[in-house]
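Notes for the one structure printed next.
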Amino acid sequence: MGLARLLAERMSQTDGPLLETAALDELLRWASWQPDPPALHFYRTHAGREAV
Numbered sequence: 040m041g042l043a044r045l046l047a048e049r050m051s052q053t054d055g056p057l058l059e060t061a062a063l064d065e066l067l068r069w070a071s072w073q074p075d076p077p078a079l080h081f082y083r084t085h086a087g088r089e090a091v
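Okay, so the sequence shown: first residue is 40 according to our numbering, each after it adds one.
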């Protein structure tokens, strides 16, 4: 979805964060159904910014 839109030059500045939020929501939903749910993490730089 995101890659196809990017390649077709139809992706706006807000699409990336929306897609990221949707993917995270699905991961959290999936993890909540697991008998031993995994811990989900993301990386930050030393300055505290989210790593891309």
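We put the CB at the ideal spot given by N, CA and C, even for glycine.
Bridge partner(s) assigned by DSSP for residue i
| i | result |
| --- | --- |
| residue 83 | 89 |
Close beta carbons around residue i, own chain, < 7 Å, minus the five adjacent residues each side
| i | result |
| --- | --- |
| residue 90 | 82, 83 and 84 |
| residue 70 | 76, 77 and 79 |
Cβ-based neighbour list, residue i, same chain, cut-off 8 Å, excluding 5 preceding and 5 following
| i | result |
| --- | --- |
| residue 80 | none |
| residue 66 | 79 |
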